[in-house]
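S.K.: Sharing a structure here in structure tokens format.
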Amino acid sequence: MDHIDRFAGQNQTGCPLPAIRGLGALAAMAAALAVVLLGAIVAAWAEESPGFAESIFQSAGPQKPVDSVLAVAPGDPMPDFDLPAIDGGRVRLADYVGKKKLVISFVPAAWTPVCSGQWPGYNIAKEIFEAENAALLGISVDNVPSLHAWVTQMGGLWFPVASDFWPHGGLAGKLGILRPEGVSERAIFIVDEKGIIRSIAVSDINVRPDLGELVRALRDLH
Amino acid sequence: MRKPVWCLVLAVCLLYPLAVLAGEASESPGAAPLPVGATFPDLPLGSALSPEQRAYLGIAKKEGPVSLADISAPVVVVEIFSMYCPHCQKEAPLVNDLFDLLEKGGHADKVKLLGIGAGNSAMEVDIFRAKFEPRFPLVPDQDFTVHDACGRVGTPYFYVLARKPGEAAYTVAISRLGRMDSPESLVNDILAAAP
Numbered sequence: 001m002d003h004i005d006r007f008a009g010q011n012q013t014g015c016p017l018p019a020i021r022g023l024g025a026l027a028a029m030a031a032a033l034a035v036v037l038l039g040a041i042v043a044a045w046a047e048e049s050p051g052f053a054e055s056i057f058q059s060a061g062p063q064k065p066v067d068s069v070l071a072v073a074p075g076d077p078m079p080d081f082d083l084p085a086i087d088g089g090r091v092r093l094a095d096y097v098g099k100k101k102l103v104i105s106f107v108p109a110a111w112t113p114v115c116s117g118q119w120p121g122y123n124i125a126k127e128i129f130e131a132e133n134a135a136l137l138g139i140s141v142d143n144v145p146s147l148h149a150w151v152t153q154m155g156g157l158w159f160p161v162a163s164d165f166w167p168h169g170g171l172a173g174k175l176g177i178l179r180p181e182g183v184s185e186r187a188i189f190i191v192d193e194k195g196i197i198r199s200i201a202v203s204d205i206n207v208r209p210d211l212g213e214l215v216r217a218l219r220d221l222h
Numbered sequence: 223m224r225k226p227v228w229c230l231v232l233a234v235c236l237l238y239p240l241a242v243l244a245g246e247a248s249e250s251p252g253a254a255p256l257p258v259g260a261t262f263p264d265l266p267l268g269s270a271l272s273p274e275q276r277a278y279l280g281i282a283k284k285e286g287p288v289s290l291a292d293i294s295a296p297v298v299v300v301e302i303f304s305m306y307c308p309h310c311q312k313e314a315p316l317v318n319d320l321f322d323l324l325e326k327g328g329h330a331d332k333v334k335l336l337g338i339g340a341g342n343s344a345m346e347v348d349i350f351r352a353k354f355e356p357r358f359p360l361v362p363d364q365d366f367t368v369h370d371a372c373g374r375v376g377t378p379y380f381y382v383l384a385r386k387p388g389e390a391a392y393t394v395a396i397s398r399l400g401r402m403d404s405p406e407s408l409v410n411d412i413l414a415a416a417p
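So the sequence lines, in the order shown, correspond to chains W and V.
Under our numbering, the residue at position 53 of the first sequence is numbered 53, and the numbers go up by one with no gaps.
Counting the second sequence from 1 gives a position; our numbering is that position plus 222.
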């Protein structure tokens, strides 16, 4: 509102403006003022609504780096899954088996700092995944609406994002990466075209994993 | 008198949205940017710079690890970025435009560009480089050593550094968080702040 009051005050106190002659000029001036006021309203709204950074939840301190025990190992078949995705569809293991390698990135929770800084980096690595005939899938135990809002606020992602919300953490539990507080570990699974888990990386929940390590692991599958 | 009115309308329509949208950045908790006039730390740039990158920075004859102080140019623009920062991804083509403008304007010898990948590994910086193909060096800073020395700033962050003849260290001439208004305006700001 500060912007609007300031502009109004300037006009009332005789801020120098170009001379106005004729209806056309009057209409032009009105249009200019309308744009200014609209911009001011947008700016004021932007100031009052929290931005993406302010919407991120900050926990009190570091959490236990890893707090679960893996239930699968490289060489095991990937447990089957059929999860709702944020685009309204579903994501199934069967969508990939026999066609592509599948990289599954589990993140603990939407609207948290490290997770919000992890997937946007994958946005510029699409060609790398494609070059390895690999699909990327993001999963968290958040529900679909929350995941949808979060991904939208991040500016969107090129890869599908699925919800393991209900039964809560069902897939994370089968993999042994469901933590006692109900979120998943920060973990990356690489599944080959036959549906076999080839690589598992469960990393410190407090730290963003190096995308370079994932790329190396993917390339090492040859 | 109609012309000035329409000019005003046009100017308002063109400029106001830019003012509203300016300054997009990923903020960094605990940031303490180095202010204008501060002496900039001598950043280690490692030993992995390619011959082309060393030639660009004017340190082709120096082997092994190099640092900011080895650069001979009187002005250096340091962009602190992260490959994970969406604003930095959007900004990358414009920073390339900035490089081109400086080159076309005949300022390539005087003003050098340097990117620091805050928290990025060498391969992460390589991914960013492969995606956006900058013609200036990008240096990984995986353990945030350089980022800490630069004030733990958000990204993208632009430091324009100037060095007076005879001085070893660079001084901060511009210290700015967020995306630039335009490459043209930043070129003008650089040349005005570090003539």
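Yeah, the Cβ is synthetic: ideal placement off N, Cα and C, and Gly gets one too.
#1: Between W:Trp166, W:Leu214, W:Ser68 and W:Leu221, which lies nearest to Phe81 of chain W when the distance is taken from Cα to Cα?
#2: Rounded to whole angstroms, what's the CA-CA distance from Leu267 of chain V to Gly337 of chain V? Just pull it up for me.
#3: Sorted by chain position, which residues of the same chain lie with C-beta nearer than 7 Å to Pro263 of chain V's C-beta, five sequence neighbours on each side aside?
#4: Look at Asn342 of chain V and Ser304 of chain V and say whether their C-beta atoms are less than 7 Å apart.
#5: If I follow the unbroken beta strand (DSSP E) through Arg276 of chain V, where does it start and stop?
#6: Scan the stretch 361-410 of chain V and note each continuous alpha helix (DSSP H) run of 4 residues or more that stays entirely inside, going in chain order.
#7: Are the stretch 163-179 of chain W and the stretch 127-140 of chain W touching by the rule of at least three beta carbon pairs closer than 8 Å?
#8: Which one of W:Val114, W:Val66, W:Val72 and W:Asp95 has the shortest CA to CA distance from Lys194 of chain W?
#9: Express the C-alpha separation of Arg351 of chain V and Ala44 of chain W in angstroms, rounding to a whole number.
#10: What residues in its chain sit with their C-beta under 8 Å from that of Val144 of chain W, if we drop five residues either side in the sequence?
#11: Identify every run of the alpha helix (DSSP H) within the stretch 52-105 of chain W, keeping only runs that are complete inside it and at least 4 residues long; order them along the chain.
#12: Considering just the uninterrupted stretch of the beta strand (DSSP E) at Lys334 of chain V, what are its terminal residues?
#13: Please compile the residues from chain V whose C-beta is within a distance smaller than 7 Å of the C-beta of Gly155 of chain W.
#14: Would you say Leu109 of chain W reaches chain V, if we count a Cβ-Cβ gap shorter than 7 Å as a contact?
#15: With Pro266 of chain V as the anchor, note down where its beta strand (DSSP E) starts and where it stops.
#16: Just checking: is the beta-carbon of Asp210 of chain W within a distance shorter than 7 Å of some beta-carbon in chain V?
#17: Establish whether the CB of Lys284 of chain V and some CB of chain W are separated by less than 7 Å.
#18: DSSP on Phe189 of chain W, reduced to helix/strand/coil?
#19: Do Val202 of chain W and Ala187 of chain W have their C-beta atoms closer together than 7 Å?
#20: Is Leu178 of chain W helix, strand or coil when you go by DSSP?
#21: In the structure shown, what three-state DSSP assignment does Leu323 of chain V receive?
#22: Just to confirm the assignment, what range does the beta strand (DSSP E) spanning Leu218 of chain W have?
#23: In three-state terms, what does DSSP make of Leu171 of chain W?
#24: On the DSSP letters alone, give me the boundaries of the alpha helix (DSSP H) that Glu127 of chain W sits inside.
#25: Using CA atoms only, rank isn't needed, just tell me which of V:Leu399, V:Ala415 and V:Ser407 is closest to Leu256 of chain V.
#26: Closer than 8 Å by C-beta to Asp76 of chain W: which residues in its own chain qualify, once you throw out the five before and the five after it? Chain order, please.
#27: Run the CB neighbour count on Arg219 of chain W, radius 10 Å, all protein chains shown included, and call it buried at 16 or more, exposed below.
#28: From the DSSP secondary-structure annotation, give me the bridge partner or partners of Ala135 of chain W.
#29: Flag Gly86 of chain W as yes if its beta-carbon sits less than 7 Å from any beta-carbon of chain V, otherwise no.
#30: Which residues share a DSSP beta bridge with Ala162 of chain W?
M.R.: The relevant details are as follows:
#1: W:Trp166
#2: 10 Å
#3: Around Pro263 of chain V: Ala371.
#4: Yes, the Cβ-Cβ distance between Asn342 of chain V and Ser304 of chain V is below 7 Å.
#5: Where Arg276 of chain V is concerned, there is no enclosing beta strand (DSSP E), although the alpha helix (DSSP H) it sits in stretches over Pro273 to Leu279.
#6: Inside the stretch 361-410 of chain V, DSSP marks whole alpha helix (DSSP H) runs of 4 or more residues at positions 367-371, from first to last along the chain.
#7: yes
#8: That would be W:Asp95, whose Cα lies nearest to the Cα of Lys194 of chain W.
#9: Residue placement at Ala44 of chain W cannot be trusted, given a pLDDT of 42 that sits under 50; the coordinates are not used to answer.
#10: Pro84, Ala85, Ile86, Ser163 and Phe165
#11: 52-55
#12: Taken as a continuous stretch (DSSP letters only), the beta strand (DSSP E) holding Lys334 of chain V covers Val333 to Ala340.
#13: Pro308
#14: Here the sequence assigns Ala to residue 109 of chain W, which means Leu is not the residue at that position. So, not an interface residue.
#15: Pro266 to Gly268
#16: yes
#17: Using a Cβ-Cβ cut-off of 7 Å, Lys284 of chain V does not count as an interface residue toward chain W, since no Cβ of chain W sits closer than that to its own.
#18: The answer is strand: DSSP assigns Phe189 of chain W an E or B state.
#19: yes
#20: Strand, per DSSP.
#21: Here Leu323 of chain V sits in helix by DSSP.
#22: First-last for Leu218 of chain W: Leu211 to Arg219, but that is the alpha helix (DSSP H), not the beta strand (DSSP E).
#23: helix
#24: Lys126 to Ala131
#25: V:Leu399
#26: Excluding five sequence positions before and after Asp76 of chain W, the CB atoms of its chain that fall closer than 8 Å to its own CB belong to Ile196 and Ile197, given in chain order.
#27: exposed
#28: Per DSSP, the beta-bridge partners of Ala135 of chain W are W:Leu102.
#29: In the sequence on display, residue 86 of chain W carries Ile and not Gly. By this cut-off, Ile86 of chain W is not an interface position.
#30: W:Ala85 and W:Ile139.
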